[in-house]
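Take a look at the structure set out below.
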Amino acid sequence: MATALRNIQMVDLNTQYDKIKSEVDEAVREVMGSAAFINGPKGRSFQAALETYLPAKHALPCANGTDALQIAMMAADLQPGDEVIVPAFTYVATAEVIALLRLRPVMVDVDPQTFNVTAEIIEQAITPATKAIVPVNLFGQSCDMEPIMEVARRYNLIVIEDNASHRR
Ligand SMILES: Cc1ncc(COP(=O)(O)O)c(C=O)c1O
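Counting from 1, one number per residue, gives the positions in the sequence shown under the working numbering.
As structure tokens, then:
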């Protein structure tokens, strides 16, 4: 019997959802039932679990990856015109949030082997106006963060890691 071929999706959220459907549906029902949508028990237990898992001093759950980027950049107290280095190969949200806050996105190429930015590529784009770097970890593959953190320390730059695509 012939097997039907399916188109490969760029992003296949339905397949991801199907795998954990009962768990997700149950959690959504619980939150709807409690009507505690913001800072409720579910949000707080997720926050505590994330702080332990990472481990991080603080984790702030929010609505989505775009909000997370915006909140992190606002917390970093960046000023209009400050340059933020960002890979040209990423989802639009990474650069969109930089522009929304009137910062200047400086697009850099990625390494063709990993599709991620490297410390060397970042360092070449640093100017006196550079204030932050947003390495993007894509397709479950992390950037080589140690050398990136070393460059950031040397030039006194803030690092905001974008992990929104890590799940794919
Ligand atoms: C690299 C990257 N950054 C940011 C985002 C934005 O995340 P969200 O769609 O949850 O706002 C995405 C979404 O796919 C992404 O892939």
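Even glycine gets a Cβ: it sits at the ideal position worked out from N, Cα and C.
query: With C-beta atoms as the reference, is I122 less than 7 Å away from I85?
result: On the sequence shown, residue 122 is found 122 positions in, with the first residue counted as 1. On the sequence shown, residue 85 is found 85 positions in, with the first residue counted as 1. For I122 and I85, yes; Cβs fall inside 7 Å.
task: With a cut-off of 7 Å, give the chain-ordered residues whose Cβ is closer than this to any heavy atom of ligand 2.
output: Ligands in the displayed structure: ligand 1; ligand 2 is not one of them.
message: Considering only the alpha carbon of each residue, which of A132, I126 and N116 lies closest to S142?
response: For this step, residue 142 is matched to residue 142 along the sequence shown. With distances taken between Cα atoms, S142 lies closest to N116.
query: Roughly how far, in whole angstroms, is the beta-carbon of E83 from the beta-carbon of A129, given that I think they are within contact range, below 8 Å?
result: Within the sequence shown, numbered from 1, the residue matching residue 83 stands at position 83. Within the sequence shown, numbered from 1, the residue matching residue 129 stands at position 129. Beta-carbon to beta-carbon, E83 and A129 are separated by about 4 Å, close enough to satisfy the 8 Å threshold.
- request: Throw me the rounded Cβ distance for the A59 and L50 pair, which I believe falls under 8 Å.
  value: To locate residue 59, count along the sequence shown from 1; it is residue 59. To locate residue 50, count along the sequence shown from 1; it is residue 50. Between A59 and L50, the beta carbon gap of about 4 Å places them in contact (Cβ cut-off 8 Å).
message: Under DSSP, the alpha helix (DSSP H) around E161 begins and ends at which residues?
response: Here residue 161 refers to the residue found at position 161 of the sequence shown. Looking at the DSSP string, E161 is not in any alpha helix (DSSP H), and its letter there is neither H nor E.
task: Please confirm whether P87 and V110 have their CB atoms less than 7 Å apart.
output: Walking along the sequence shown from the start, residue 87 turns up at place 87. Walking along the sequence shown from the start, residue 110 turns up at place 110. Contact: yes.
query: Between which two residues does the alpha helix (DSSP H) containing M73 stretch?
result: For this step, residue 73 is matched to residue 73 along the sequence shown. M73: member of the alpha helix (DSSP H) spanning G65 to A75, first to last residue.
query: Relative to the alpha-carbon of P105, which residue among P41, L78 and T114 has its alpha-carbon at the smallest distance?
result: What you label residue 105 is simply residue 105 of the sequence shown in a count that begins at 1. Nearest C-alpha to P105: L78.
task: Report yes or no: do three or more beta-carbon pairs, one from the stretch 131–139 and one from the stretch 86–100, lie closer than 8 Å?
output: Contact annotation: the stretch 131–139 touches the stretch 86–100, with at least three C-beta pairs closer than 8 Å.
- prompt: Less than 7 Å separating the beta-carbons of A125 and V108?
  reply: Numbered from 1 along the sequence shown, position 125 holds the residue referred to as residue 125. Numbered from 1 along the sequence shown, position 108 holds the residue referred to as residue 108. Contact: yes.
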